[in-house]
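K.L.:
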Amino acid sequence: MAVDISKNLNLEESLKANSVGVIDEKYICKVCNKLLCDAVQTGCGERFCKTCVQFLSSGTLFCPVEKVECPFFYDKFAIKEILALEFYCPYFENCLWKGPLSKLKVHLVVCEYAIQKCEKCGEGIIRKNLDEHSLTNCSNSFFICIYCNENVLVKDKQIHICLKSPVKCKLGCGSTFLYEELVTHIEICSNLEKNCIYRLIGCKSDLTSSVEDHYRLQISSHNNLLMCFIKKMSLIQMTLKNEVSKLSNENLELRQQLESVKKYDQEITDLKKTVQIQVDESASIFQALSLQVNDLKETNFKPVDDFSKKLSVIERSQEKLNETYSDLQLSQQILENTSYDGHLLWKISSYKQRSMAAMSGTIPALHSAPCYTSRFGYKYCLRLYLNGDGAGKGSYISLFFVLMKSDYDSLHKWPFQNKVTFRLRAKNPEYDIVESFTPDKNSSSFIKPVREMNIAAGVPLFAKKSDINENFILDDAIFIESKIHL
Numbered sequence: 008m009a010v011d012i013s014k015n016l017n018l019e020e021s022l023k024a025n026s027v028g029v030i031d032e033k034y035i036c037k038v039c040n041k042l043l044c045d046a047v048q049t050g051c052g053e054r055f056c057k058t059c060v061q062f063l064s065s066g067t068l069f070c071p072v073e074k075v076e077c078p079f080f081y082d083k084f085a086i087k088e089i090l091a092l093e094f095y096c097p098y099f100e101n102c103l104w105k106g107p108l109s110k111l112k113v114h115l116v117v118c119e120y121a122i123q124k125c126e127k128c129g130e131g132i133i134r135k136n137l138d139e140h141s142l143t144n145c146s147n148s149f150f151i152c153i154y155c156n157e158n159v160l161v162k163d164k165q166i167h168i169c170l171k172s173p174v175k176c177k178l179g180c181g182s183t184f185l186y187e188e189l190v191t192h193i194e195i196c197s198n199l200e201k202n203c204i205y206r207l208i209g210c211k212s213d214l215t216s217s218v219e220d221h222y223r224l225q226i227s228s229h230n231n232l233l234m235c236f237i238k239k240m241s242l243i244q245m246t247l248k249n250e251v252s253k254l255s256n257e258n259l260e261l262r263q264q265l266e267s268v269k270k271y272d273q274e275i276t277d278l279k280k281t282v283q284i285q286v287d288e289s290a291s292i293f294q295a296l297s298l299q300v301n302d303l304k305e306t307n308f309k310p311v312d313d314f315s316k317k318l319s320v321i322e323r324s325q326e327k328l329n330e331t332y333s334d335l336q337l338s339q340q341i342l343e344n345t346s347y348d349g350h351l352l353w354k355i356s357s358y359k360q361r362s363m364a365a366m367s368g369t370i371p372a373l374h375s376a377p378c379y380t381s382r383f384g385y386k387y388c389l390r391l392y393l394n395g396d397g398a399g400k401g402s403y404i405s406l407f408f409v410l411m412k413s414d415y416d417s418l419h420k421w422p423f424q425n426k427v428t429f430r431l432r433a434k435n436p437e438y439d440i441v442e443s444f445t446p447d448k449n450s451s452s453f454i455k456p457v458r459e460m461n462i463a464a465g466v467p468l469f470a471k472k473s474d475i476n477e478n479f480i481l482d483d484a485i486f487i488e489s490k491i492h493l
């Protein structure tokens, strides 16, 4: 199974690798569909990448699956399991390496089959072929001409005209000379009179007849050869002009750089003088400090570097303790709001702000912390829609009961049959809003959970929004009570 591991390895470009075994779906983020990275788990049992969820100021997060606000904690156990998952090298067609995800990034640094960008041309090249590419195939690499010793781009190799390269006389005298001596040789070549003067540009005719007849009969052919030669010379001239222009620009840049270097050289000279003065002044101070250090050594003073190392160890330990403490605080918050007797009193703080979020559709629903009917009893939570749901949408507060999957479900009687009572607490108990319902045995809401949560069941018309006044809102919070009749 190929999965994207770029986030786990902090890579900028996407990279996929095949797992050695089948990867459990619980290790795949339900937002980005990639392998979980810095996993967080919500109170409703969903797992996401840390970067894929929206954290809220209340210390909770917005669950992208359930579309509700949920408590959460960093799932370090899942992170450890993911790092232990085994993968083949992403370049498995050639590389036989396999190992845990935690060691894959180190392998990619040395894998000779990994694709690496050429620093000169930017082309992706197999790492072990990079040196050969740089020497022979890279369009931006240079080679040294064996005749003129000039640096020439590899891509210009075919059009490079080397004046120092050896050539043979094209008039057939057998002489060999440098390309730059070609014109001089032609003027003195012993075969000049025996051959057509256009032979240098491609005429292959032998002068078996008179020279005058040859030139008269071959006018058209000679003109074509001249046109081709002129075109070729024009191309060469254009190339040379470009080279001259390029060299002129480089020369200008070098002149500018030279001026800058001269300026910096003067500044460095002045700076050296200033530094030398400071060095001379510091010499006596250094000598005094050296004497003090020797005195400290004689009194068995522990070296400062040892203290720094110990301090670094303590700081790292403190960071780990702070991180662990934060996780424990989050876990404690969930545990503090968890009941084990089927009786829950749920405080919804920041009521006005959450009501506005519900009306805008940003956070339509809230979940309570998971609760149990007994220490190992049925697991459940409450789902609250402050702007209503279904028939109550817009005018009512809707409250629902949600059965949750637990490790002890096999010990319970199914379907769930216990009566459920909801109560919205008022300042004066006489004004409490109370609703109850008995589970429908035929409803899928009360069967043994297969997923993390069953379909919610409850009271869509629990309380009119217009009735929620100062009798129910206490310090910008409302209190909802639920009781499972056992």
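Under the numbering used here, the residues of the sequence shown are numbered 8 to 493, in order.
The beta-carbon is built from N, C-alpha and C at its ideal position, and this holds for glycine as well.
Keep in mind it's a predicted model, so treat the numbers as computed, not measured.
Roughly how many angstroms separate the alpha carbons of PHE383 and GLU53, rounded to a whole number?
P.N.:
Translated into positions along the sequence shown, residue 383 becomes position 376. Translated into positions along the sequence shown, residue 53 becomes position 46. Between PHE383 and GLU53, the C-alpha separation is close to 22 angstroms.
K.L.:
For THR67, which of helix, strand or coil comes out of DSSP?
P.N.:
Your numbering for residue 67 matches position 60 in the sequence shown. In this structure, THR67 counts as coil in the three-state DSSP scheme.
K.L.:
Measure how close the beta-carbons of LEU352 and GLU488 come, nearest whole angstrom, since I'm counting them as under 8 angstroms.
P.N.:
For the purposes of this step, residue 352 is taken as the residue at position 345 of the sequence shown. For the purposes of this step, residue 488 is taken as the residue at position 481 of the sequence shown. Right, the Cβ-Cβ distance comes to about 5 angstroms (below 8 angstroms), so this counts as a contact.
K.L.:
Would you identify the three-state DSSP class for ARG54, choosing helix, strand or coil?
P.N.:
The residue you call residue 54 lines up with position 47 of the sequence shown. Reduced to three states, the DSSP call for ARG54 is strand.
K.L.:
Counting along the chain, where does the beta strand (DSSP E) carrying GLN123 start and finish?
P.N.:
For the purposes of this step, residue 123 is identified with residue 116 of the sequence shown, where counting begins at 1. First-last of the beta strand (DSSP E) with GLN123: 122-124.
K.L.:
Determine whether the beta carbon atoms of PHE407 and TYR385 lie at a separation below 9 angstroms.
P.N.:
Taking the sequence shown and counting its residues from 1, one reaches residue 407 at position 400. Taking the sequence shown and counting its residues from 1, one reaches residue 385 at position 378. Contact check for PHE407 against TYR385 fails: the beta carbons are separated by 9 angstroms or more.
K.L.:
Can you tell me the Cβ-Cβ gap for LEU120 and ASN101, rounded? I've got them flagged as a contact below 8 angstroms.
P.N.:
Against the sequence shown, residue 120 aligns to sequence position 113. Against the sequence shown, residue 101 aligns to sequence position 94. Per the sequence shown, the amino acid found at residue 120 is Tyr instead of Leu. ASN101 and TYR120 do touch by the CB rule: their CB atoms are close to 4 angstroms apart, below 8 angstroms.
K.L.:
Please name the residue, chosen from ASP163, PRO173, SER141 and ASN144, that lies closest to TYR154 on a Cα-to-Cα basis.
P.N.:
For the purposes of this step, residue 154 is taken as residue 147 along the sequence shown, with counting starting at 1. Nearest to TYR154 by alpha-carbon distance, out of ASP163, PRO173, SER141 and ASN144, is PRO173.
K.L.:
Consult DSSP for HIS419 and reduce its assignment to one of helix, strand or coil.
P.N.:
Residue numbering aside, residue 419 sits at position 412 when the sequence shown is read from its first letter. Look at HIS419 here: in three-state DSSP terms it is coil, with no helix or strand label.
K.L.:
Give the straight-line distance between the Cα atoms of VAL441 and ILE404, rounded to the nearest whole angstrom.
P.N.:
Position 434 of the sequence shown, counting from 1, holds the residue named residue 441. Position 397 of the sequence shown, counting from 1, holds the residue named residue 404. Answer to the nearest angstrom: the Cα atoms are 13 angstroms apart.
K.L.:
Rounded to whole angstroms, what is the Cα-Cα separation between PRO377 and LEU318?
P.N.:
If you number the sequence shown from 1, residue 377 lands on position 370. If you number the sequence shown from 1, residue 318 lands on position 311. Whole-angstrom Cα-Cα distance: 42 angstroms.
K.L.:
Leaving out five residues before and five after THR49 in sequence, what residues of the same chain have Cβ atoms less than 6 angstroms from its Cβ?
P.N.:
On the sequence shown, position 42 is the one that residue 49 refers to. These residues qualify, in order along the chain: CYS70, CYS77 and PHE79.
K.L.:
Taking 8 angstroms as the cut-off, is the C-beta of LEU393 nearer than that to any heavy atom in the ligand NAP?
P.N.:
Of the ligands one can find in the structure shown there are none, so the ligand NAP has no counterpart to examine.
K.L.:
Would PHE444 pass as a contact of LYS354 if the rule is Cβ separation under 9 angstroms?
P.N.:
Within the sequence shown, the letter at position 437 stands for residue 444. Within the sequence shown, the letter at position 347 stands for residue 354. Taking 9 angstroms as the Cβ cut-off, PHE444 and LYS354 do not qualify as a contacting pair.
K.L.:
How would you call PRO97, buried or exposed, if buried means at least 16 neighbouring beta carbons within 10 angstroms?
P.N.:
For the purposes of this step, residue 97 is identified with residue 90 of the sequence shown, where counting begins at 1. Classification for PRO97: buried.
K.L.:
Could you spell out where the beta strand (DSSP E) holding LYS354 opens and where it closes?
P.N.:
Here residue 354 corresponds to residue number 347 of the sequence shown, with the count starting at 1. Run containing LYS354: 350-355, per the beta strand (DSSP E) assignment.
K.L.:
Once DSSP output is grouped into helix, strand and coil, what is the label at MET460?
P.N.:
Here residue 460 refers to the residue found at position 453 when the sequence shown is read from its first residue. Correct three-state label for MET460: strand.
K.L.:
Go to ARG361, then tell me how far its alpha helix (DSSP H) extends in each direction, as first and last residue.
P.N.:
By 1-based counting over the sequence shown, the position of residue 361 is 354. 358-367 is the extent of the alpha helix (DSSP H) around ARG361.
K.L.:
Considering Cα atoms alone, identify which of ASN249, ALA365, ASN40 and LYS33 is closest to VAL497.
P.N.:
Outside the displayed range of the chain (8 to 493) lies residue 497, so it cannot be described from this structure.
K.L.:
Which residue comes first and which comes last in the alpha helix (DSSP H) that contains LYS83?
P.N.:
Reading the sequence shown from its first residue, position 76 is the one you call residue 83. Element bounds for LYS83: 83-91.
K.L.:
What does the alpha-carbon distance come out to for the pair ASP31 and ASN478?
P.N.:
Residue mapping note: residue 31 aligns to position 24 of the sequence shown, counting from 1. Residue mapping note: residue 478 aligns to position 471 of the sequence shown, counting from 1. If you take the alpha carbons of ASP31 and ASN478, they lie about 50 angstroms apart.
K.L.:
Could you check how far apart the C-beta atoms of LEU108 and LEU90 are, in whole angstroms? I think they sit under 8 angstroms.
P.N.:
Position 101 of the sequence shown, counted from the start, is the residue given in the question as residue 108. Position 83 of the sequence shown, counted from the start, is the residue given in the question as residue 90. Right, the Cβ-Cβ distance comes to about 5 angstroms (below 8 angstroms), so this counts as a contact.
K.L.:
Assess, as a yes-or-no matter, whether the stretch 184-196 is touched by the stretch 219-228 under the definition of 3 or more beta carbon pairs within less than 8 angstroms.
P.N.:
no
K.L.:
Are at least three pairs of beta-carbons, each pair with one atom in the stretch 409-422 and one in the stretch 452-461, less than 8 angstroms apart?
P.N.:
Yes, they touch.
K.L.:
Looking at the strands, I want to know which residues DSSP matches up with ARG390.
P.N.:
Start at 1 with the first residue of the sequence shown, and residue 390 comes out as number 383. BP columns for ARG390 point to HIS374 and PHE407.
K.L.:
Going by DSSP in three states, SER26 sits in which element: helix, strand or coil?
P.N.:
By one-based count along the sequence shown, residue 26 stands at place 19. SER26: strand per DSSP, three-state reduction.
K.L.:
Between the alpha carbons of SER146 and HIS114, how many angstroms are there, rounded?
P.N.:
The residue labelled residue 146 in the question sits at position 139 within the sequence shown. The residue labelled residue 114 in the question sits at position 107 within the sequence shown. If I take the Cα positions, the gap works out to 30 angstroms.
K.L.:
Are LEU390 and ALA463 touching if we call contact CB-CB under 9 angstroms?
P.N.:
Position 383 of the sequence shown, counted from the first residue, corresponds to residue 390. Position 456 of the sequence shown, counted from the first residue, corresponds to residue 463. In the sequence under discussion, the amino acid at residue 390 is Arg, which differs from the Leu named in the question. Yes, Cβ-Cβ distance for ARG390 and ALA463 is below 9 angstroms.
K.L.:
If you follow the beta strand (DSSP E) that ASP185 is part of, which residue opens it and which one closes it?
P.N.:
For the purposes of this step, residue 185 is taken as the residue at position 178 of the sequence shown. Residue identity check: residue 185 is Leu in the sequence provided, not Asp. It spans 183-185 - the beta strand (DSSP E) in which LEU185 sits, taken as one unbroken run.
K.L.:
Beta-carbon within less than 7 angstroms of ALA398's beta-carbon, same chain only, minus the 5 sequence neighbours each way: which residues are those?
P.N.:
Taking the sequence shown and counting its residues from 1, the one referred to as residue 398 is at position 391. Excluding residues within five positions, the ones whose Cβ falls inside 7 angstroms are PRO467 and LEU468.
K.L.:
Rounded to the nearest angstrom, what separates VAL286 and GLU274 at their Cα positions?
P.N.:
Stepping through the sequence shown from its first residue, residue 286 is reached at position 279. Stepping through the sequence shown from its first residue, residue 274 is reached at position 267. In this model, VAL286 and GLU274 are separated by some 18 angstroms (Cα to Cα).
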